[in-house]
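Numbering (the numbering used here), first residue to last: 1340 to 1656. Here's the structure we're looking at; comments come further down.
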């Protein structure tokens, strides 16, 4: 597998495919994928478990199946699109999650990833994530199993989603010691506003980036991908309020500055948030459900965020 052009390194919008094939039907999903590519998008992010909670079967795979059909129907598009998927959370027993989650044993990783390739109709993916930690399995076993997939040419790069910074670095140290591919990307929940420290988010399993995790990623040269960057519409929709964990003075100050900057630039608050994330070296994962949302989000790449505006956004705490 030639992966010379797969490293992301430069932050860019990523299309999230979590609901493709379930909540977002086939026609709209393929329309969004086509438009994303036409707008210059390169990376699509999915997981083997998407979207078990939306499907009557109680197991995931619908997103990967749809992506497989999309790739098959568009010869040549695979040369333009980089694909990331994840293993860890696929229910092994329908409707019994998290008790039956596949985990990160060597056998689970090999079996789960083989099933992903089968659904996708591909021989390889560009990035494979460990969707969440599995502390019931020795970390070295997980690291070696991931590294084996890179060595076999089935995966370009590796990453860790919803992992503590110390856990990521421990895994990277193990990889170096054993001569296998290390994790070189992290994926966390991250946006312009922060929840209160230590708060448990209502979305089960979501790990919001902490400042030490951001510092770790930048210091070690790890790509940082952010899911839920627009907080399910909370910046622009009154019917989508922020959860209670975000209710603190810092949020109110940040929202006020965000509104000011958006008005000054003639942009939407969503676009300012996405542009700000890109200036932070973060690749936002776009969870869109309409062409208008996609067009708005992709336009953030071209939004000129002046140094003075960025400084004000950063200073609001």
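Note that beta-carbon positions come from the ideal geometry of N, C-alpha and C, so glycine has one too. Model, not experiment: these values are computed from the prediction.
Who are the Cβ neighbours of residue 1592 in its own chain at under 6 Å, not counting the five residues just before and after it? Once the five neighbours on either side are set aside, the close Cβ partners of residue 1592 are 1655.
Ignore the nearest five residues each way along the sequence and tell me which others in residue 1630's own chain have a CB closer than 8 Å to its CB. So the list reads 1370, 1371, 1374, once near-sequence residues are dropped.
Determine contact between the stretch 1412 to 1425 and the stretch 1384 to 1397, defined as no fewer than three beta-carbon pairs at a distance below 8 Å. Touching, yes, given that three or more Cβ pairs across the two stretches are closer than 8 Å.
Inter-residue Cα distance where the pair is residue 1410 and residue 1586: Straight-line Cα distance between these residues: approximately 43 Å.
Runs of alpha helix (DSSP H) lying entirely within the stretch 1400 to 1476, each at least 4 residues, in chain order: DSSP runs (the alpha helix (DSSP H)) wholly in the stretch 1400 to 1476: 1401 to 1412, 1445 to 1459.
Inspect the CB distances between the stretch 1427 to 1437 and the stretch 1393 to 1402 and report whether three or more fall short of 8 Å. These segments touch.
As assigned by DSSP and simplified to three states, the class of residue 1342: Model confidence at residue 1342 stands at a pLDDT of 39, short of 50, so the residue's coordinates are unreliable; what they give is reported in the following sentence. Reduced to three states, the DSSP call for residue 1342 is coil.
Own chain partners of residue 1346 with C-beta closer than 7 Å, once the 5 adjacent residues on each side are dropped: At residue 1346 the pLDDT is 44, less than 50, meaning the model places this residue with poor confidence and gives no usable figure here.
Output the distance between the C-alpha atoms of residue 1515 and residue 1508, rounded to the nearest integer angstrom. Cα to Cα, residue 1515 sits roughly 11 Å from residue 1508.
Excluding the 5 residues flanking residue 1614 on each side, which residues of the same chain have their C-beta closer than 6 Å to its C-beta? Correct list, in chain order: 1639, 1642, 1644.
Is it true that the CB of residue 1528 sits closer than 7 Å to the CB of residue 1574? For residue 1574 and residue 1528, no; Cβs fall outside 7 Å.
Give me the DSSP bridge partner(s) of residue 1623. Per the DSSP secondary-structure output, residue 1623 pairs in a beta bridge with 1565.
Let me confirm a value: residue 1512 is counted as buried when at least 16 other C-beta atoms fall within 10 Å, else exposed. Which label applies? The residue is exposed, with fewer than 16 neighbouring Cβ atoms inside 10 Å.
Local Cβ density within 10 Å of residue 1462, reported as buried at 16 or more and exposed below that: Taking a 10 Å sphere around the C-beta of residue 1462, we find fewer than 16 other C-beta atoms and assign the residue as exposed.
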